[in-house]
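Note that the numbering used here has the sequence shown beginning at 1, numbered continuously upward. Only one structure is covered here, and it is reproduced in the block below.
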Amino acid sequence: MEETNYLKSELYNLVSKDDSIFEFIYQYALDGIWYWDTVDGNNEWMSPGFWELLGYDPQEMEHLASEWQDIINSEDLETAIVNFQKHCENPEHSYDQVVRYQHKDGSTIWVRCRGVGIRDETGKVIRMLGAHTDVTQIKLAEEQLKEANEQLKKANAQLEKMNLQDHMTKLLNRNGLEKKFEELLALCKRKKLPLSISVIDVDNFKAINDKYGHLVGDEFLIIIADSIKRAQRTTDACARLGGDEFMVLMLDADLDQAKQGAERIRSTIQKQFVEPYALTVSIGVSSINYQELALCQSDKESIQNILRHMIKIADKAMYQSKASGKNTVSSHAIKTISYVVPPHISDLYSREIKS
Numbered sequence: 001m002e003e004t005n006y007l008k009s010e011l012y013n014l015v016s017k018d019d020s021i022f023e024f025i026y027q028y029a030l031d032g033i034w035y036w037d038t039v040d041g042n043n044e045w046m047s048p049g050f051w052e053l054l055g056y057d058p059q060e061m062e063h064l065a066s067e068w069q070d071i072i073n074s075e076d077l078e079t080a081i082v083n084f085q086k087h088c089e090n091p092e093h094s095y096d097q098v099v100r101y102q103h104k105d106g107s108t109i110w111v112r113c114r115g116v117g118i119r120d121e122t123g124k125v126i127r128m129l130g131a132h133t134d135v136t137q138i139k140l141a142e143e144q145l146k147e148a149n150e151q152l153k154k155a156n157a158q159l160e161k162m163n164l165q166d167h168m169t170k171l172l173n174r175n176g177l178e179k180k181f182e183e184l185l186a187l188c189k190r191k192k193l194p195l196s197i198s199v200i201d202v203d204n205f206k207a208i209n210d211k212y213g214h215l216v217g218d219e220f221l222i223i224i225a226d227s228i229k230r231a232q233r234t235t236d237a238c239a240r241l242g243g244d245e246f247m248v249l250m251l252d253a254d255l256d257q258a259k260q261g262a263e264r265i266r267s268t269i270q271k272q273f274v275e276p277y278a279l280t281v282s283i284g285v286s287s288i289n290y291q292e293l294a295l296c297q298s299d300k301e302s303i304q305n306i307l308r309h310m311i312k313i314a315d316k317a318m319y320q321s322k323a324s325g326k327n328t329v330s331s332h333a334i335k336t337i338s339y340v341v342p343p344h345i346s347d348l349y350s351r352e353i354k355s
């Protein structure tokens, strides 16, 4: 069959007459060459290396295009057809693609298939000469590299999460709080929304630790953290500042709304504990409206100054709650905006903000 195939004989004649065809074969025919009669359409000669690559006996093949079309991935076949049509229309369009073939044993073999059209005097493609290159190992290496990169991304994401998360309560830590505050501050400025914070401190927590031990104290902190998450709104963000102190960032909440949210948190926590483990919290609230935010600069230092000042004000209110008998919510006025704007603007707009 091999000796009498007319396409093979024709190819030999072409190679002997046209040096460029020989150069093409010499350069690209790594795992077999193919020669296709595009006029007939179904006659295509494949060199033995191609069929051996796919686990078939070349002597059993009849040199029909349908033979390889039956074992190529259907999507890749469509790609090859489109590229062939474009190459026929425009010789500058390269006929070059990587396709998947099914090996005789069922495995997948990746093959780079390249070709060039041989045209008649009118420019019509009457034959295609091409080469096959086994790129399976390259593809496997690419897949392994892709998987390794995905694992690395997951690991980096986990590290980033750990860097922003309190390991015990799974709330944001101080780093996470600062990042979230920056996001919410930008959103509030853009949408002209108020922004509030609540500082939450556990009452008499040292006595609990001293009496029952730090392991019990840690369990109580986890319960408190879970209670805060249940009581807060979906748009709020909660962080553990350290020890027995927590903070909630409240998007689109003015001072009154923030106090209502803080009261909801206080009440939820109180209901979680009964004697002899009765635990309560004291909460301080501070708020800044969008008019003040509009005057604030957006550089990192200014944003950190805003956060520090809001925490300072909320801390002051929280200690007021402590002094008022604990287990309550207090708020405190922000007295000036000079900490976040240039002096010449601050002089114009500095004012008292009523709670």
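Glycine is no exception: its CB is placed at the ideal position from the N, C-alpha and C atoms.
Item: Collapsed DSSP secondary structure at N42 in the structure displayed; Value: coil
Item: Spatially closest choice to S324 from A237, Q304, L241, G284, by CA coordinates; Value: G284
Item: Residue range of the unbroken alpha helix (DSSP H) whose run includes R266; Value: 255 to 272
Item: Supposed contact pair Q272 and V248 - C-beta distance, whole angstroms, cut 8 Å; Value: Not quite, the Cβ-Cβ distance comes to about 17 Å (not below 8 Å), so this is no contact.
Item: Cutoff 6 Å; reference D252; Cβ partners in own chain excluding five residues on either side; Value: L193
Item: Rounded separation between V125 and I33 - CA only; Value: 18 Å
Item: DSSP-derived helix/strand/coil call for T79; Value: helix
Item: Chain-order list of residues whose beta-carbon lies under 7 Å from that of R127 (same chain, five-residue window excluded); Value: Y35, W36, D37, T38, I118
Item: Short Cβ contact (8 Å threshold) for V83 with S66; Value: The residue asked about is misnamed: residue 83 is Asn in this sequence, not Val. No, they are not a contact pair.
Item: Start and end residues, alpha helix (DSSP H) containing E121; Value: Element bounds for E121: n/a, residue is neither H nor E.
Item: Nearest-angstrom Cα separation, counted from A80 out to S16; Value: 29 Å
Item: Contact check, H132 vs G55, beta carbons under 8 Å; Value: no
Item: Own chain partners of Q270 with C-beta closer than 7 Å, once the 5 adjacent residues on each side are dropped; Value: T280, N327
Item: Nearest-angstrom beta carbon gap, M310 and D201 [assumed within contact, 8 Å]; Value: Not confirmed; about 16 Å, so no contact.
Item: Selected residue, minimal CA-CA separation from F246, among E62, R266, Q257, H214; Value: R266
Item: Whole-angstrom distance between E78 and R190, CA atom to CA atom; Value: 48 Å
Item: Among D105, V116, N73, nearest to N90 - alpha-carbon criterion; Value: V116
Item: Y364 in three-state terms, based on DSSP; Value: Examination of residue 364 is not possible in this model, given that the chain is present from 1 through 355 alone.
Item: Length of the line joining the Cα atoms of V341 and V274; Value: Here V341 scores only 47 on pLDDT, less than 50, and its place in the model is too uncertain to base an answer on.
Item: F246 at chain C interface by Cβ criterion, 8 Å; Value: Going by chain labels, chain C is absent from the structure shown, which holds only one protein chain.
Item: Buried versus exposed, by CB contacts within 10 Å (16 or more), M250; Value: buried
Item: Distance CB(G176)-CB(Q165) smaller than 8 Å; Value: yes
Item: Unbroken alpha helix (DSSP H) run spanning M247, endpoints; Value: Per DSSP, M247 belongs to no alpha helix (DSSP H); it is in the beta strand (DSSP E), 245 to 251.
Item: Short Cβ contact (8 Å threshold) for S287 with A258; Value: yes
Item: The segment 289 to 298 in contact with the segment 210 to 221 per 3-pair CB rule at 8 Å; Value: no
Item: Length of the line joining the Cα atoms of K180 and C238; Value: 10 Å
Item: Beta strand (DSSP E) runs contained entirely in the segment 194 to 241, provided each spans 3 or more residues; Value: 195 to 202
Item: Selection from W68, T122, G130, D105 that minimises the alpha carbon distance to D96; Value: G130
Item: Residue interval of the alpha helix (DSSP H) (run including G176); Value: 174 to 191
Item: Integer Cβ distance of L185 from I303, believed to fall under 8 Å; Value: 6 Å
Item: From D57, V99, L53, L64, residue whose alpha carbon lies closest to that of E44; Value: L64
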